[in-house]
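Residue numbers (this note's numbering): 65 to 153. Each residue gets a CB set at the ideal place from its N, CA and C atoms; glycine is no exception. Just so we're clear, the structure is a prediction, and the values are computed from it rather than from any experiment. I have placed the structure first, in the form of structure tokens, so that the comments after it can refer back to it.
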């Protein structure tokens with residue numbers, strides 16, 4: 065098993081999207097487990113009011129990257145080389 069290189073870090077868009085995704089997954093699970101918990105609702109509202117727009121802008125920026133760049137970045141972060149799309153196993 066390979067591990068990501070310690071020196072490789074996320075750029076601002078990658079970091080913002082990753083943080084937002086983790087928070088939303090956590091909040092979604094909390095809403096399922098405790099649907100009427102007011103602190104969970106407050107945290108979700110705060111995200112929507114303050115952080116959703118920048119996260120969506122970062123997601124759009126990441127989505128505009130060419131596939132080759134995305135594959136290269138994934139390989140860099142994962143610390144290994146990915147096979148080209150359509151390759152054989």
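For residue 99, no alpha helix (DSSP H) segment is defined, and its DSSP state is neither H nor E. Residue 80 places its beta carbon 8 angstroms or farther from that of residue 91. Note that the C-beta distance between residue 84 and residue 115 is below 8 angstroms.
Between residue 78 and residue 126 a beta carbon distance of about 7 angstroms is seen, short of the 8 angstroms cut, so the two are scored as contacting. In this structure, the beta-carbon distance from residue 140 to residue 72 falls below 8 angstroms.
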